[in-house]
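The next block holds one structure in the form of structure tokens; read it before the comments.
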Amino acid sequence: MNLLESLQVSLDSIKANKFRSILTTLGIVIGIAAVIAVIAIGQGGQQAIIAELEKIGGNLFYVGLDWRLEDPPTGQEFTLTDIQAIKEQVPEINYLCPQAFGYEQVRGGRNVKTTQIVGTTGDYAPMYNLVMKEGRFFSNSDDQGRRRIAALDEGIADELFPQGAVGKQIVIGGTSFTVVGVVENQAYLFGMVESKMIYVPISTWLDMNPYANISYIEGSTYEAKDVQKATEKVVKVLERRHRTEGKYMSETMEQQMEMISEVTGVLTMIIGAIAAISLLVGGIGVMNIMLVSVTERTREIG
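Numbering-wise, numbering that gives the first Met the number 0 puts 269 at position 270 of the sequence shown, and it's gapless, one number per residue.
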């Protein structure tokens, strides 16, 4: 039997078993489509995450205590004088934001909510490109003056003051603050998580919370090319001031992007491999069906 005759027999077999042929073809098509879809979704998710980070900026950095150490440091390891020293000794830095956190019960009018409080500086808003829905964010001069003012995320502002928050009073831990601004809604994890934080000057926050600590320092440089050098300088300033070495860890936005790319890349490969195995299993099933068909025809022919 030559090639043309074999092809004719195959076509006749397909025509004779149209339903089986359609199901066989459909199984292969779905398997291939699944592999392509999984890889495309993985790569799309990776690009979406990186795009979200790039909106914040590639010149950001983080410095904190290295909790991975066998004997992790404890206590007040950052001070506001450290922040001033860093500003003076690291000229590459544009914005610098020490951050101290706490969860407090907040009263606004007749409404009471428990939410996260962020003590930081006036650099926070421009560094993270916050958009104000109403009013303003507090300034560095407000922080230096230890003013009792606050900016609210839109989510918590609507819960406390449905008719408008700017100019109203809120009570945090027994201390009264005046709301000067509402930050336009920020959503994380592709819109699934809404930010509901309250921002206050860090000097005020530390004054009213003697046991509060500066958790870490975030900042940005004028130029993205200087971020690694600036981060190393910040660590050296802290080590000199606290007479220690190896206590601090640092990370840049570029390093975070690389890590995310590696993790999502591995996940995409794993899921793609699983889809490919499913396709292979489906292909083996098709081969078995075809083998049964050939065996049946062989018996018929004799």
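Backbone N, C-alpha and C define an ideal beta-carbon position, used for all residues, glycine too. Keep in mind the model is a prediction, meaning the values are calculated, not measured.
- Here Gly172 has Glu103 as same chain residues with Cβ atoms under 6 Å from its own Cβ, once five neighbours each way along the sequence are excluded.
- Asn93 is positioned such that its CB atom lies no closer than 7 Å to that of Tyr215.
- Residue Leu151 holds the alpha-carbon nearest to the alpha-carbon of Val178 among Ile155, Leu151, Ala32 and Val226.
- Note on geometry: alpha-carbon atoms of Leu59 and Val170 lie some 33 Å from one another.
- Bridge partners of Leu64 according to DSSP: Tyr247.
- Comparing C-alpha distances from Met196 to each of Gly180, Ser202 and Tyr210 shows the shortest one belongs to Gly180.
- DSSP links Arg106 through a beta bridge to Val111 and Val170.
- Shown here for Leu266: same chain residues with a beta carbon closer than 7 Å to its own, the five before and five after excluded, namely Gly41 in chain order.
- Bridge pairing for Asp157: absent [DSSP].
- Your pair Asp122 and Asn139 checks out as a contact, with CB atoms roughly 7 Å apart and the cut at 8 Å.
- Ranked by Cα distance from Glu91, the options Ser249, Val226, Lys235 and Glu244 are led by Val226.
- Taken through DSSP and simplified to helix, strand or coil, Gln227 comes out as helix.
- As the crow flies, the alpha-carbon of Asn184 is around 32 Å from that of Asp65.
- The beta carbon of Lys132 lies closer than 6 Å to those of Glu153, Val181 and Glu183 in the same chain, with the five residues before and after it left out.
- Across the structure, Gln168 and Arg147 are spaced so that their CA atoms are roughly 10 Å apart.
- Counted as a single uninterrupted DSSP element, the beta strand (DSSP E) harbouring Asp152 occupies residues Ile148 to Asp152.
- Per DSSP, the unbroken alpha helix (DSSP H) holding Ser202 starts and ends at Ile201 to Met207.
- Three or more beta-carbon pairs drawn from the region 77 to 84 and the region 229 to 242 are found closer than 8 Å, and the two stretches are therefore classed as touching.
- Boundaries of the alpha helix (DSSP H) harbouring Thr80: Leu79 to Gln88, taken from the DSSP string.
- Here the alpha carbons of Met248 and Ala33 stand approximately 41 Å from one another.
- The three-state secondary structure of Val130, taken from DSSP, is coil.
- Look at Asn93 here: in three-state DSSP terms it is strand.
- Val89 sits buried, since 16 or more C-beta atoms from the chains shown fall within 10 Å of its C-beta.
- Taking all protein chains in view, the Cβ of Pro200 is crowded by 16 or more other Cβ atoms within 10 Å, so the residue is classified as buried.
- If you draw a straight line from the Cα of Gly134 to the Cα of Val165, it comes to about 6 Å.
- In this structure, Glu250 sits away from Tyr127, with a CB-CB distance that is not shorter than 7 Å.
- Per DSSP, the beta-bridge partners of Phe176 are Ile169.
- Here Gln143 is exposed. Its C-beta has fewer than 16 other C-beta atoms within 10 Å.
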